[in-house]
Amino acid sequence: MQLNREKIQKTVTVSWPFLILALYILLNSILILHHENWRDEAQAWQIAKQLSLPDIFRQLKYEGHPCLWYLILFPFAKLGFPFGCIGFISLFFMAIAVWLILKKAPFCILVKVLLVFSPFFVYYYPVISRSYCLIPPLLAWLAALYPRRKEKPLWYGAALALLTQTHIFMIGLSFLLSFSWFMETVFVWRKEKTGHKLPVQNIQGLGISLASGLFLIWELLGSATTNASVDVHISSSLSSNLHRINVASQWGMDELLKMGVDDPTWKILRLLLVAGAVVLLFYSWKEASIYIGTSVMQVLMFAYIYLASPQKAMLLAHGLVFVLWIIMEEKKEVRMWKWFWQLALAVLALMATNGHKPLILNDMDQAYSSSKEMAAYIREHVPEDVPLIAASDIAVEAAAAYLPERVIWYPITENAVTFLVWDGVRTGSITYEEMLERVKKQYPDAKEIYFLCGEENNVSGWEEQLPQMQELVRMEGNASNESAVLYYIQMPVSK
217 MQLNREKIQK
227 TVTVSWPFLI
237 LALYILLNSI
247 LILHHENWRD
257 EAQAWQIAKQ
267 LSLPDIFRQL
277 KYEGHPCLWY
287 LILFPFAKLG
297 FPFGCIGFIS
307 LFFMAIAVWL
317 ILKKAPFCIL
327 VKVLLVFSPF
337 FVYYYPVISR
347 SYCLIPPLLA
357 WLAALYPRRK
367 EKPLWYGAAL
377 ALLTQTHIFM
387 IGLSFLLSFS
397 WFMETVFVWR
407 KEKTGHKLPV
417 QNIQGLGISL
427 ASGLFLIWEL
437 LGSATTNASV
447 DVHISSSLSS
457 NLHRINVASQ
467 WGMDELLKMG
477 VDDPTWKILR
487 LLLVAGAVVL
497 LFYSWKEASI
507 YIGTSVMQVL
517 MFAYIYLASP
527 QKAMLLAHGL
537 VFVLWIIMEE
547 KKEVRMWKWF
557 WQLALAVLAL
567 MATNGHKPLI
577 LNDMDQAYSS
587 SKEMAAYIRE
597 HVPEDVPLIA
607 ASDIAVEAAA
617 AYLPERVIWY
627 PITENAVTFL
637 VWDGVRTGSI
647 TYEEMLERVK
657 KQYPDAKEIY
667 FLCGEENNVS
677 GWEEQLPQMQ
687 ELVRMEGNAS
697 NESAVLYYIQ
707 MPVSK
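This note's numbering puts the sequence shown at residues 217 to 711.
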């Protein structure tokens with residue numbers, strides 16, 4: 217009987233991570249199958265599909281994002297995989313992160329499960345497929361490598377280099393980890409005087425990280441002027457800047473938890489965050505400084521570059537998981553603080569789950585974007601020899617990705633809709649009459665067209681022509697500018 221009990225316990229110990237991982241993959245696979253990809257997902261896919269490798273790097277300055285996600289998508293897009301598979305690519309990387317958390321993280325089983333099935337790991341990164349999905353597995357890999365960075369400096373440097381190439385929000389963490397590692401290397405060298413030479417492999421690892429940082433500067437050089445969505449405006453008033461940073465912090469916390477962080481709630485949370493930062497600094501000043509510095513950089517980006525969103529705000533939670541992981545690995549003997557920080561992670565995961573659950577369920581019940589259904593409707597009902605014309609490229613970008621065999625022509629740029637180039641040309645406007653003239657020039661034999669409109673369009677005056685149009689289908693999307701209407705129009709006879 218005792219032997220059987222030990223055998224069962226051993227089986228459970230070995231099997232539970234596989235079971236949790238399988239449930240995680242199953243849950244997110246169901247969510248992927250109910251999710252309609254939108255333009256931000258289509259943008260990276262279409263860049264990888266339409267451009268050569270040199271052209272991808274030339275495009276990055278318009279995107280404001282590093283190269284790694286595009287390079288991962290590149291072979292799948294070029295080999296003709298359907299756009300819908302992008303979610304399973306994201307899920308693959310998030311499954312790696314989950315496995316590393318389950319097997320390597322120094323948290324108790326309950327905290328691991330709460331984290332894995334919280335919105336930090338469910339839906340936002342594996343289902344809404346963007347470069348964010350690369351960050352958790354790389355942070356988990358870095359956390360596992362951190363205690364052995366002296367023994368495996370090349371691997372540690374490579375992990376830092378890859379983290380730099382995931383997202384602009386990771387620049388701060390990658391830089392601070394690299395700088396800390398450099399100072400640590402110099403300190404040990406000065407203390408031990410090891411042959412009066414810095415450890416060669418450490419320098420090589422640091423060189424890999426530095427090379428990635430320099431490469432990132434080259435990749436994004438000029439983004440501030442070429443990317444129309446970037447508008448950095450720093451006030452000359454200190455009080456105005458502090459107010460803006462405070463509001464950005466409050467907004468970021470609201471996007472992280474989705475619990476309605478009003479002003480009174482934010483005052484309480486702000487005090488708790490400051491107190492937590494002080495305690496964390498006292499507990500482990502070096503790692504805490506890295507996390508606090510990273511968080512400050514992210515908040516400044518929320519204030520001055522990119523507004524906070526759930527995916528961006530959740531990077532703060534992933535950073536906390538990472539820093540607590542490496543701290544608890546190094547301070548295994550301090551049991552009281554270990555349980556305190558695990559409780560904090562559990563509470564954070566439960567609050568986020570409660571706040572984000574309605575949004576996740578809403579994607580199950582309603583269309584996130586009209587793209588998938590609109591592409592299916594066009595494929596079935598719109599003849600291939602009749603031109604498809606877009607009044608808005610934003611509204612139809614994802615539909616075009618779902619429909620690679622058809623051309624959706626955009627009269628503003630006079631090109632097919634693929635990916636968006638974030639410059640002033642595509643945001644221009646023309647009248648309905650100018651649109652018809654351009655269509656006639658592009659398709660001189662066309663006697664009829666199908667006209668695809670979004671919520672915001674770059675063809676003015678088309679609403680006045682509604683009596684001459686036949687509305688075929690109207691599809692709603694929950695995301696901004698992801699609803700679309702398809703009209704049938706008979707081209708006017710030339711005089």
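Yeah, the Cβ is synthetic: ideal placement off N, Cα and C, and Gly gets one too.
These figures come from a predicted structure and were not determined experimentally.
* Kindly list the residues whose CB is nearer than 7 Å to the CB of C349, restricted to its own chain and excluding five residues on each side of it in sequence; keep chain order. => Excluding its 5 nearest sequence neighbours in each direction, C349 has C-beta neighbours in its own chain below 7 Å: S306, F309, M310, Y341 and P342, listed in chain order.
* Could you please give the first and the last residue of the uninterrupted beta strand (DSSP E) stretch that includes A700? => It spans A700 to Q706 - the beta strand (DSSP E) in which A700 sits, taken as one unbroken run.
* Asked: For I351, is the classification buried or exposed, using 16 other Cβ atoms within 10 angstroms of its Cβ as the cut-off for buried?
  -> By the neighbour-count criterion, in which 16 or more other beta carbons inside 10 Å mark a residue as buried, I351 falls on the buried side.
* Asked: Under three-state DSSP, which class holds E252?
  -> Of the three classes helix, strand and coil, the one that applies to E252 here is coil, per DSSP.
* In terms of alpha-carbon separation, which member of Y286, P282 and I236 lies closest to A258? -> Per the Cα distances, Y286.
* Closest Cα partner of E650 within the set L619, E692, K663 and A607 -> The shortest C-alpha to C-alpha distance from E650 to any of L619, E692, K663 and A607 is the one to A607.
* Just the Cα atoms here: how many angstroms apart are A562 and P627? -> A562 and P627: Cα-Cα distance of roughly 52 Å.
* Can you name, in chain order, every residue of its own chain whose Cβ lies under 8 Å from the Cβ of T510, other than the five neighbours on each side? -> So the list reads G388, L389, L392 and G535, once near-sequence residues are dropped.
* Element boundaries [beta strand (DSSP E), containing F556] -> No beta strand (DSSP E) contains F556, which is instead part of the alpha helix (DSSP H) from R551 to D581.
* Asked: Does the pairing of the region 592-610 with the region 658-668 give three or more beta-carbon distances under 8 Å?
  -> The answer is yes - the region 658-668 touches the region 592-610, with three or more Cβ pairs under 8 Å.
* **Separation of I705 from V598, as counted between CA atoms** => Their backbone Cα atoms lie some 12 Å apart in a straight line.
* Measure the C-alpha to C-alpha separation of E503 and I543 and round it to an integer number of angstroms. => Each residue's alpha carbon lies about 7 Å from the other.
* What is the DSSP secondary structure of S394, reduced to helix, strand or coil? -> Shown here, S394 sits in a helix according to DSSP, grouped into three states.
* I628 (DSSP reduced to helix, strand or coil) -> In the structure shown, I628 adopts coil according to DSSP, grouped into three states.
* Asked: Are the region 446-464 and the region 399-407 touching, with three or more C-beta to C-beta distances below 8 Å?
  -> By the C-beta criterion, the region 446-464 is judged not to be in contact with the region 399-407, since fewer than 3 inter-stretch pairs fall below 8 Å.
* To do: Return the bridge partner residues of E664 from the DSSP annotation.
  => According to DSSP, which records beta bridges pairwise, E664 is partnered with Q706.
* Which residues in the same chain have their Cβ closer than 8 Å to the Cβ of I419, if we skip the five residues on either side of it in sequence? -> Excluding five sequence positions before and after I419, the CB atoms of its chain that fall closer than 8 Å to its own CB belong to T401, given in chain order.
* Just the C-alpha distance for Y507 and V641, rounded to the nearest angstrom, thanks. => Their Cα atoms are separated by approximately 40 Å.
* To do: Using the Cα positions of L422 and M386, report the straight-line distance between them to the nearest angstrom.
  => Take the alpha-carbon of L422 and the one of M386: they are about 17 Å apart.
* Where does S347 land, buried or exposed, given buried means 16+ other C-beta within 10 angstroms? -> Buried is the call here.
* What do you reckon, are the CB atoms on S173 and V515 nearer than 8 Å? -> Because the chain is modelled from 217 through 711, residue 173 falls outside the range shown and cannot be assessed.
* With distances taken Cα to Cα, identify the nearest neighbour of M799 among T629, Y499, L688 and I461. => Only positions 217 to 711 of the chain appear in the structure, and residue 799 is not among them; the question remains open.
* Asked: What residues in its chain sit with their C-beta under 8 Å from that of A632, if we drop five residues either side in the sequence?
  -> Within the same chain, A632 has close Cβ partners A616, V623, I624, W625 and Y626.
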